[in-house]
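Step one of this worksheet: look at the structure below.
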Amino acid sequence: MQQHVRDDRSLGELFGDLSRQLSQLVRQEVQLAKTEMTQKVSGVGKDVGKMAAGGFVAYAGFLAILAGIIVLVSSWIPLWLSALIVGLIVVAIGYFVLQSGMNGMKERDVAPKQTIRSIQETTEWAKGQLK
23 MQQHVRDDRS LGELFGDLSR QLSQLVRQEV QLAKTEMTQK VSGVGKDVGK MAAGGFVAYA
83 GFLAILAGII VLVSSWIPLW LSALIVGLIV VAIGYFVLQS GMNGMKERDV APKQTIRSIQ
143 ETTEWAKGQL K
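Here the sequence shown stands for residues 23 to 153, numbered as in our numbering.
Put into structure tokens, the structure is as follows:
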């Protein structure tokens with residue numbers, strides 16, 4: 023057997039309660055969005071760091087390896103060709119490191135999906151309360 027509970031609050035009090043609850047819910051949703059975005063930005067920062075490290079490694083490699091190997095290889099082929107071959111190899115290594123960081127960023131989904139889902143649920147709940 024189901025009992026009906028009578029609420030003696032006025033319509034104004036009910037809407038006031040609903041307003042306060044919705045206000046609190048919105049604040050909680052905003053906090054959730056902040057937390058979720060902080061986590062996602064942290065991951066993106068790591069990928070940006072990888073990209074920067076890849077660029078610095080490629081540059082350092084270009085300077086150090088280029089000089090040493092060019093001199094070594096120039097004993098068999100002309101100096102200009104030696105410099106070209108070594109430079110292309112170092113640039114290719116740097117390119118692959120940069121690509122790794124860029125691919126990591128592409129794979130990250132930075133949209134606050136949990137917050138979006140929660141807001142949609144809140145909207146549906148609020149619509150149900152107003153009916």
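For every residue, glycine included, the Cβ atom is placed at its ideal position computed from N, Cα and C.
In terms of Cα proximity to residue 68, the closest of 126, 86 and 85 is 126. By the 16-neighbour rule on beta-carbons within 10 angstroms, residue 104 is buried. Residues of the same chain with a CB within less than 7 angstroms of the CB of residue 59, apart from the 5 flanking positions on each side, are 134 in chain order. Residue environment for residue 148: exposed (fewer than 16 other C-beta atoms within 10 angstroms of its C-beta). Pairing residue 73 with residue 79, the inter-Cα distance amounts to about 10 angstroms.
When the Cα atoms are used, residue 90 and residue 56 turn out to be separated by approximately 50 angstroms. In the displayed model, residue 104 falls within a helix according to three-state DSSP. Per DSSP, reduced to three states, the secondary structure at residue 133 is coil, with no helix or strand assignment.
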